[in-house]
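Residue numbers (the UniProt record's numbering): 1 to 894.
All residues carry an ideal CB built from backbone N, CA and C; glycine is no exception.
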């Protein structure tokens, strides 16, 4: 970036927001992309309203961009003029343009800046990716701006509150496809020499003259934030489906784009999108405002998935499904992600949080709507609410049980901190407490309130209070802000302790910490807890009282304790419940019955509570094993696989805690075998046409569980299947639904041949799902030499997006665990530079150290990171706390 002055990198946090003296209202963005040279550039003309008289205008601009001098046109001054000075503040990603003549308050101005840059390789900003066609490497380019990387593609006001309209014009090589948020309104050959516009003509100085070029103009967008602007250029192909919208009656084309070798796998994703888009429009009573919706599946992608308005982008494995394979897990993954991302067309795009401290207004809502409510309507056979409990609720509760947690609504002083809050609190806790609110007021009234909230902030920004006002209006008389405030603004959640007497039950709330009891300063929050008490009448009828709210530290509730009862019915509340051992046994025994009064969701919540309460010292770890033993015959209900998966996950956590204590580990694996091997013997390995989803998934979990328990016969079967695949290349030898179990067994129990075969899948497979599974499995090897080879691969060949998952696999190996921590420390400078512009570094810090379990580990990590930066401060704090919890857990039980 050209500059005349440079400020020092150290800046106080209170200057991270842009000045408010001007406001952008429209961008004309024109740029070229050269995929051969890996460069792009052009110019942006930004229409401004001058709110205060000023001689300087500050906007966001990454150091990646090389800026020419800016020019201004002001209606009050009636002349064009150049900037007088350009001040760059690298630490803030900001450039300030100074002018000699002050711009008057109330006037309108236009700022025009020419620039150029290299396409990034970091999966943020405007970056390039590659694919292979006929043995040749070809490239394409796309954007990933969330949260603060629009500034890496063009100078802009890169804050969500500063909404504007955007008119995008793309110049690219003929034969490629241009995509953006809106539909194209014209496309023609581009001849810069004959261009009437002087700025367009100037591109002749930049574009190679030995190629043909084209120019694509897109319709102007509605007012929107910079982070959801999107564009892409490449050799894309697509499948299309037309959907008729219920409110407007308009026919909306839906397209999924991908590279030509993969575009045929878009059919399932298209079907899902065609079902959910009209449902959202009808449910919110707000028309989808754009004329199209495109989805682009790409090979190189980081987290999270951008929810760009009209052009959703996502990793191939999250968008595409091989139509030849009945892969239930792949279909669930794609359906959940696409339903989530389509929700953002309303949550985040039409109505946008004012600042990133309210990120949950985007992500919590999209998680709840897309992965529970809407998904449950489209695929009722999948048990969406149960999956939500096992996924979002469990993840949110696990992270929020740490002292190093943060409130859902959290201060975000700078870009480094913003990148760290895309976590289980902004997504999973937020979605879970919103679901709790929905259950308390009733889903119909909740959705009415959400619709009112959106309608009152169309094309505007919002804060938490706006949402509470909307739901309060729909519920008439309920003080939603009072009910919900502490769930959003405070750290943590309560454990409800239940004691019994002849008068009923006494319930008490205290903050739950998985590292032990809180002290007085940590236990000062009183939550308003909807208790959702399930009771059973004399005739066996079930009643759930949703009106009881615990608003104080403790109180007595009258009920007949001689009968069955349970708090947090259907596991909707964001809290844990601690029963007496006797009551826990009664609930567990009743839940094991075929026609139990306790639902699947009740069982899932009970399992999680027992496991986590034991970790926090509020119960023996044997309680989890006892519960698993009582439910070992769980097989005669829908979605039994979810109970088994929950058992496997929770017992697996205990097993990993003792991975460096072989005797205890062997005993736990023996217990796991007694649970899962009989299921494998009953269900076998073959997936038959027409089988129910429940049976298929139960078989999948059973095989994974038996393999985790290291049953010799199951392991041999899985290894034989991979050996046949290595011999023939026939993927049918690896049924899609057990591909993870097969590949993990190949890595863990195989040798060099299996390792090289897995590497070949990663490098050459045309199946996104198989490739992704191999990435997550190869690190399970228990050969130290192969682990070292994998380290070399990570440093020299692995795609950036795969590094985190490769390391996650290595962490799962008792051999690789400590090798991984040393590998990260030895190559810290490499990783810090490699992931300087994306959010991967915090994930790596957590992955590479989180599995360690001694006080010496804790001290060593603390010493190594004593000069840590804000780029991963939260991840480091959570990692250190997880190690300390594990240290205490092991000491107590050995």
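Checklist entry - Starting from residue 936 and walking both ways along the alpha helix (DSSP H), at which residues does that stretch end? => result Any answer about residue 936 is impossible in this case: the structure gives the chain only from 1 up to 894.
Checklist entry - CB-CB under 6 Å to residue 363, same chain, minus the five flanking residues each way: which ones, in chain order? => result The residues 426 and 427, in chain order, have a CB closer than 6 Å to that of residue 363 in the same chain once the five nearest residues on each side in sequence are set aside.
Item to check | Segment limits, alpha helix (DSSP H) that includes residue 286 | outcome: For residue 286, there is no enclosing alpha helix (DSSP H), as DSSP gives it neither H nor E.
Checklist entry - What residue does the alpha helix (DSSP H) around residue 376 start on, and which one ends it? => result Segment 374-378, the alpha helix (DSSP H) holding residue 376.
Checklist entry - In or out: residue 16 buried (at least 16 other Cβ within 10 Å) or exposed? => result Flag for residue 16 reads buried.
Item to check | residue 706 beta carbon less than 7 Å from that of residue 677 | outcome: Here residue 677 is near residue 706, since their CB atoms are less than 7 Å apart.
Next on the checklist: Suppose you measure from the CA of residue 716 to the CA of residue 723; what does that come to, to the nearest Å?
Outcome noted: CA-to-CA, the gap between residue 716 and residue 723 works out to about 10 Å.
Checklist entry - Where are the alpha helix (DSSP H) runs, 4 residues long or more, that stay fully inside the region 440-518, in chain order? => result For the region 440-518, whole alpha helix (DSSP H) runs of length 4 or above, ordered along the chain, are 443-455, 464-475 and 480-489.
Item to check | Residue from 420, 79 and 564 with nearest C-alpha to residue 895 | outcome: Residue 895 lies beyond the residue range present for the chain, which begins at 1 and ends at 894; the question has no answer from this structure.
Next on the checklist: Please report the straight-line C-alpha distance between residue 784 and residue 404, rounded to a whole angstrom.
Outcome noted: Taking the straight line joining both Cα atoms gives about 34 Å.
Checklist entry - Three-state secondary structure (DSSP) at residue 358? => result Shown here, residue 358 sits in a helix according to DSSP, grouped into three states.
Next on the checklist: Only counting the same chain, and skipping five residues up and downstream in sequence, which positions put a Cβ closer than 6 Å to that of residue 217?
Outcome noted: Hits under 6 Å: 169, 185 and 186.
Item to check | Through-space distance from residue 151 to residue 129, alpha-carbon basis | outcome: The straight-line gap from Cα to Cα measures roughly 20 Å.
Checklist entry - Rounded to a whole number of angstroms, what is the C-alpha to C-alpha distance between residue 696 and residue 141? => result Rounded to the nearest whole angstrom, the C-alpha separation of residue 696 and residue 141 is 39 Å.
Checklist entry - If you pair each beta-carbon of the region 354-370 with each one of the region 429-438, do three or more pairs fall below 8 Å? => result Pairwise C-beta distances place the region 354-370 in contact with the region 429-438, as three or more of them are shorter than 8 Å.
Checklist entry - What first and last residue would you give for the alpha helix (DSSP H) that runs through residue 784? => result Boundaries of the alpha helix (DSSP H) harbouring residue 784: 784-796, taken from the DSSP string.
Checklist entry - Considering residue 132, what are the terminal residues of the beta strand (DSSP E) in which it resides? => result Residues 125-133.
Next on the checklist: If we require 3 or more residues per run, which beta strand (DSSP E) segments fall completely within the region 547-608?
Outcome noted: Look at the region 547-608 and you find these whole runs of beta strand (DSSP E), each 3 residues long or longer: 554-557 and 576-578.
Next on the checklist: On the CB-based measure, 16 or more other CB atoms within 10 Å of its CB, does residue 756 come out buried or exposed?
Outcome noted: Per the 10 Å Cβ criterion, exposed.
Checklist entry - By how many angstroms is the C-alpha of residue 342 removed from the C-alpha of residue 277? => result About 7 Å.
Item to check | Coarse secondary structure for residue 923, derived from DSSP in three states | outcome: Here the chain covers residues 1 to 894 and nothing more, so residue 923 does not appear.
Checklist entry - Should residue 4 be labelled buried (16 or more other beta-carbon atoms within 10 Å of its own) or exposed? => result Reliability fails at residue 4, whose pLDDT of 39 lies under 50, so the model's placement of it is uncertain and no value is given.
Checklist entry - Applying the criterion that 16 or more other CB atoms from any shown protein chain within 10 Å of the CB defines a buried residue, is residue 251 buried or exposed? => result Counting Cβ neighbours within 10 Å, residue 251 comes out exposed, since fewer than 16 surround it.
Next on the checklist: Assuming the contact rule is C-beta atoms closer than 8 Å, residue 612 and residue 576 should be a hit. Round their C-beta distance to whole Å, please.
Outcome noted: Rounded, the Cβ-Cβ distance is 6 Å, consistent with contact.
Next on the checklist: Using only CA atoms, which one of 415, 560 and 609 lies nearest to residue 571?
Outcome noted: Nearest to residue 571 by alpha-carbon distance, out of 415, 560 and 609, is 609.
Checklist entry - Who are the near neighbours of residue 189 in its chain, counting only those whose CB is closer than 6 Å to its CB and skipping five residues on each side? => result Sequence-distant Cβ neighbours of residue 189 in its own chain, meaning closer than 6 Å and more than five residues away, are 214.
Next on the checklist: Do residue 569 and residue 532 count as a contact pair if the criterion is CB distance below 7 Å?
Outcome noted: A contact, by the Cβ cut-off of 7 Å.
Checklist entry - For residue 253 versus residue 307, is the C-beta spacing smaller than 7 Å? => result Result no, Cβ atoms of residue 253 and residue 307 do not sit closer than 7 Å.
Checklist entry - Is it buried or exposed for residue 461, if we count other Cβ within 10 angstroms and need 16 for buried? => result By the neighbour-count rule (16 or more Cβ atoms within 10 Å), residue 461 is buried.
Checklist entry - Would you report the Cα separation of residue 154 and residue 162, rounded to the nearest angstrom? => result Going by the C-alpha atoms only, they are around 15 Å apart.
Next on the checklist: By the three-class DSSP mapping on this structure, what secondary structure does residue 661 have?
Outcome noted: In this structure, residue 661 counts as coil in the three-state DSSP scheme.
Checklist entry - What residue does the alpha helix (DSSP H) around residue 719 start on, and which one ends it? => result DSSP places residue 719 in the uninterrupted alpha helix (DSSP H) bounded by 712-728.
Checklist entry - Quick one, are the C-beta atoms of residue 489 and residue 551 less than 7 Å apart? => result Remark: C-beta atoms of residue 489 and residue 551 do not approach each other more closely than 7 Å.
Next on the checklist: Quick check on residue 602: buried or exposed, where buried means 16 or more other Cβ atoms within 10 Å of its Cβ?
Outcome noted: Buried, by the Cβ-count rule.
Next on the checklist: Less than 6 Å between C-beta atoms, sequence neighbours within five positions excluded: which residues of the same chain meet that for residue 158?
Outcome noted: These residues qualify, in order along the chain: 60, 148, 150, 151 and 226.
Checklist entry - In chain order, what residues of the same chain have a beta carbon less than 7 Å from the beta carbon of residue 880, not counting five sequence neighbours either side? => result Closer than 7 Å at Cβ, skipping near neighbours: 858, 861 and 862.
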